[in-house]
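**Q**
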Amino acid sequence: MSILVDRSTKLVVSGITGREGTFHSLRNRDYGTQVVAGVTPGKGGQDVEGIPVFNTFHDAVQNTGANTAMIFVPPRFAADSILEAEDAGVGLIIAITEGIPAHDELRVFNTIKKNGRSRLVGPNCPGILSPGKATVGIIPASFFKEGNVGVVSRSGTLTYQIGNELARSGFGNSTIVGIGGDPVPGTDFVDVIGLFEADSETDLIVMCGEIGGDAEERAAEFIAASVSKPVLAYIAGFTAPPGKTMGHAGAIVSGSKGTAAAKAEALEAKGVRVGRTPTEVAEVAISLLGAAA
Amino acid sequence: MDLLEYQGKQLFARHGIPVPSGKPARTVEDAVAAAEEIGYPCVVKAQVQIGGRGKAGGIKVANDRAQVEQHAGAILGMDIRGLTVGEVWIESASEIVSEYYASIVFDRSAKAPLIMLSTKGGMDIEAVADEDPDAIARLHVDPLLGFQDFHGRRLAFEAKVDEDVVRPVGAMLSKLYDAFIAEEATLVEVNPMIVTPERGVKALDAKVTLDDNALYRHPENADLRDPSAEDTQEQMAHERGLIYVKLDGDIGILGNGAGLVMSTLDVVALAGGKPANFLDAGGGSKAEAITSAVEVILSNPKVKAVLFNIFGGITRCDEVAMGLIEAFKQINPTVPFVVRLDGTNDKEGRQLLAEANLPNVHIKSTMDGAAKKVVELAAAS
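Protein chains in written order, with my numbering: chain A, 1362 to 1654; chain B, 6 to 386.
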């Protein structure tokens, strides 16, 4: 198995006719993902290297049976595009777009939750990769191999860093899920860790958190209550000053809330090992996997 | 973006929230003219984005022209916890019967706006929350439903506001919610919200934080940004489209991806160093962006050594190397650089750097090794 994306993924890309949208859609297809459609209003009937383009998500889903959407449109159009995909019945919506207004994200999150028929991953995320099966998004797939480590992360490059160190030591991943760096992620650590717990291919779970919010603290509670597999964590931003947004819109220590130290402490209190550097996380993962092999 | 008190009050006024009348002034003459128009007694309030203005002597009541002159003269140019006062707000003095607290925050955890109301206004609300949590009434509003009158009543009764002001307090909360939504704020806070002798309520202070990502829909709010109040390097980075946060150490940092840069700061700190900045060159960084980033980092005179930590995904390490080589041609840095290139085209990048043979540039292959080296170099210089 693996989670969320695999060989049965049929991808429709919103923004496929843009420069970045085209580039990454074709890269996803080259990797083996079934990219079945694109959506660009007004460009229905055209195609991008053989991928048919539709005016609406509804047309795309009806004609191609797409079950997963990737959102690549600029921030001012992104909320609308996500809601359109949801309205068209797409079950998994992966939003790569960075810079979506927070109130738009609030509206989108609550609408999707209320209707209860789609899952949103992101926004402001690098996507999802199940090595050897499919990739949706911008994760550089060549650095990862098939294996039994599930990774869930708020940060893209940090994930690449850890995944690459694992790969160099001969270990691989079941799935890598970027949940994104925004304040209102559609899918959180708890959701993904729950999926990994149920996935027969995942033996070890690595989570990469960062400052801001309380998703890591909630994950700690969830792991203690409901997860039997070993979980390793990394938290970025111990040296971040309060009140400053550190690159990601969601990465901010507000007053005394959302510090890396508090997150690490919450995880350790529930028995989750927290690596001090990305390299240490990879090393610990390798020793655990090596011992199990 | 955080607004100054008076900008927040002007925003409140646009949404029908009662605020004392007032005018901003940048000079003593303007302050006197404003006071003459508003009438006496009036209050001269320093406009800086920091708490504790009153204690620092930045808020004074004036009963006549001479006092306005005296207070405005003292407050303009005053240093309040590291910030220089460039502007004062002159407003008519209010009679205060009670001081309440009201706020709406963007609650990430609950994914809904959270309204808080308390009769313990005028003091630090975090302290109230610690000492007497029951003194704060809290309520989440379903963002798809919006604020309803019953929300206001529930909060007012639960916070035990005086019964004869339940209605005006509810109306104030409703208007604050309108402002929160319409202006796309992530925080609106009124502390104190006062009860007047006429048994009405008024916002005596205003703290407003707006979502930067939504400013394109609110050009009038975007115009309130004051670049002169920003740090020199942060302003320079802003103009070049770089994500930069100034820190107080001496090791310049450049990386790609917010998480990796945060992690780099931590790894440098673990190695015993002090980062001078956060700089995310972003995904797919091209050579020009790297050159421009080096200029920003080195414009901070405290920087004694620089660390490049790149994990190439979409970013190509050879592009980063070319950017650094170009930066050396243009600005000829005098401080040492440690460069760690890994990922897409890392061999090509390292090869380019080796061929360019830049003075005082050290190439490392691991993040931890690079951090250790840069800390050593900074300590030695």
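Backbone N, C-alpha and C define an ideal beta-carbon position, used for all residues, glycine too.
Using 8 Å as the limit for Cβ to Cβ distance, is B/D216 near chain A?
**A** So, interface residue.
**Q** Closer than 9 Å, Cβ to any Cβ of chain A: which residues of the stretch 361-384 of chain B, in chain order?
**A** Here the close residues are T371, M372, D373, A376.
**Q** Have a look at A/S1491 and A/P1544 and give me their C-alpha separation to the nearest angstrom.
**A** Each residue's alpha carbon lies about 25 Å from the other.
**Q** Can you tell me whether A/N1476 is helix, strand or coil according to DSSP?
**A** It is helical.
**Q** If I follow the unbroken beta strand (DSSP E) through A/Q1395, where does it start and stop?
**A** Here the beta strand (DSSP E) through A/Q1395 covers 1395-1400.
**Q** With a threshold of 16 other CB atoms inside 10 Å of the CB of A/I1317, please say whether the residue is buried or exposed.
**A** Since the first residue shown for chain A is 1362 and the last is 1654, residue 1317 of chain A is missing from the structure and cannot be characterised.
**Q** Looking at the structure shown, is A/A1537 part of a helix, part of a strand, or coil, going by DSSP?
**A** The identity of residue 1537 of chain A in the sequence shown is Ile, whereas the question assumes Ala. It is a strand residue.
**Q** Counting only C-beta atoms, is B/L275 closer than 8 Å to chain A at any point?
**A** Answer yes: the Cβ-Cβ gap between B/L275 and chain A drops below 8 Å somewhere.
**Q** Relative to the C-alpha of B/A142, which candidate in B/G126, B/L265, B/K279, B/Q238 has its C-alpha closest?
**A** The candidate whose alpha carbon is nearest that of B/A142 is B/G126.
**Q** Report the residues of the stretch 1618-1640 of chain A with a CB closer than 8 Å to any CB of chain B, ordered along the chain.
**A** Answer set for the stretch 1618-1640 of chain A: A1621, R1637, T1638, P1639, T1640.
**Q** Assuming B/V299 contacts B/I336 (C-beta within less than 8 Å), just tell me the rounded distance between them.
**A** At roughly 7 Å, the Cβ-Cβ gap stays under 8 Å, so B/V299 and B/I336 are in contact.
**Q** Sorted by chain position, which residues of the same chain lie with C-beta nearer than 8 Å to A/K1590's C-beta, five sequence neighbours on each side aside?
**A** Contacts found: F1557, E1558, T1563, D1564, L1565, I1566.
**Q** Could you please give me the residues that DSSP links to B/D112 through a beta bridge?
**A** B/D112 is bridged to B/A117.
**Q** For B/C322 versus B/G354, is the C-beta distance shorter than 8 Å?
**A** Against a cut-off of 8 Å, the Cβ pair of B/G354 and B/C322 comes out as a contact.
**Q** Which whole-angstrom value describes the C-beta separation of A/N1428 and A/T1370, a residue pair presumed to lie in contact below a C-beta threshold of 8 Å?
**A** Between A/T1370 and A/N1428 the Cβ distance is about 7 Å, and since that is below 8 Å, they are a contact.
**Q** Taking just the CA atoms, how far does B/S26 sit from A/T1548?
**A** Roughly 46 Å between the two C-alpha positions.
**Q** Less than 8 Å between the CB atoms is what I'm expecting for B/S103 and B/D183, so what's the real figure, rounded?
**A** 24 Å between Cβ atoms; not a contact.
**Q** Do we get a CB-CB distance below 8 Å when we pair A/V1545 with the residues of chain B?
**A** Yes, A/V1545 counts as interfacial toward chain B.
**Q** Which same chain residues, not among the five before or five after A/D1391, have their C-beta less than 6 Å away from its C-beta?
**A** For A/D1391, where only same-chain residues beyond five positions count, there are no Cβ hits under 6 Å.
**Q** Can you name, in chain order, every residue of its own chain whose Cβ lies under 7 Å from the Cβ of A/N1509, other than the five neighbours on each side?
**A** Excluding residues within five positions, the ones whose Cβ falls inside 7 Å are S1535, E1562, T1563, D1564, L1565.
**Q** If we count the other Cβ atoms within 10 Å of its Cβ and call it buried at 16 or more, is B/I55 buried or exposed?
**A** With fewer than 16 other Cβ atoms within 10 Å, it is exposed.
**Q** For B/D271, would you say it is in contact with chain A, using Cβ-to-Cβ distances shorter than 8 Å as the test?
**A** Chain A, which has a Cβ nearer than 8 Å to the Cβ of B/D271, makes this yes.
**Q** Do you know whose CA, among A/G1426, A/T1620, A/P1603, A/V1645, lies nearest A/A1594's CA?
**A** Taking only the C-alpha atoms, the option nearest A/A1594 is A/V1645.
**Q** If you draw a straight line from the alpha carbon of A/E1641 to that of A/A1449, how long is it in whole angstroms?
**A** When rounded, the distance between both Cα atoms is 44 Å.
**Q** Determine the chain A residues that contact B/K116 at a beta-carbon separation under 7 Å, and present them in chain order.
**A** Going along chain A in sequence order, the residues near B/K116 (Cβ under 7 Å) are L1467, F1470, N1471, V1545.
**Q** Which one of B/G348, B/G328, B/P341, B/A384 has the shortest CA to CA distance from B/G318?
**A** Among B/G348, B/G328, B/P341, B/A384, the Cα nearest to that of B/G318 belongs to B/G348.
**Q** Closest by CA to A/G1426, which one among A/K1605, A/L1372, A/P1602?
**A** Taking only the C-alpha atoms, the option nearest A/G1426 is A/L1372.
**Q** Could you tell me whether any Cβ in chain B is nearer than 8 Å to the Cβ of A/M1607?
**A** So yes, A/M1607 belongs to the interface.
**Q** Helix, strand or coil: how does DSSP classify B/M267 here?
**A** Residue state, collapsed to three classes: helix.
**Q** Using the three-state DSSP reduction, which class does A/L1650 fall into: helix, strand or coil?
**A** Correct three-state label for A/L1650: helix.
**Q** For the stretch 297-322 of chain B, list every residue whose C-beta sits within 7 Å of some C-beta in chain A, in sequence order.
**A** If the cut-off is 7 Å between Cβ atoms, the stretch 297-322 of chain B has F316, G318, I319 near chain A.
**Q** Using a 10 Å radius around the Cβ and a threshold of 16 neighbouring Cβ atoms, would you call B/A332 buried or exposed?
**A** Classification of B/A332: buried, given that the 10 Å Cβ count is 16 or more.
**Q** For a contact meaning CB atoms closer than 8 Å, what does B/Y221 contact in chain A?
**A** Near B/Y221 (Cβ distances below 8 Å), the residues of chain A are R1437.
**Q** Identify every residue that forms a DSSP beta bridge with B/N282.
**A** DSSP lists B/K251 as partners of B/N282.
**Q** Can you find the residues in the same chain that come closer than 8 Å, C-beta to C-beta, to B/Q52, ignoring five residues on each side of it along the sequence?
**A** Excluding positions up to five away in sequence, the list reads L9, E10, Y11, P29, V90, G91, E92, V93, W94.
**Q** Assess, as a yes-or-no matter, whether the stretch 1623-1632 of chain A is touched by the stretch 1576-1586 of chain A under the definition of 3 or more beta carbon pairs within less than 8 Å.
**A** Short answer: they touch.
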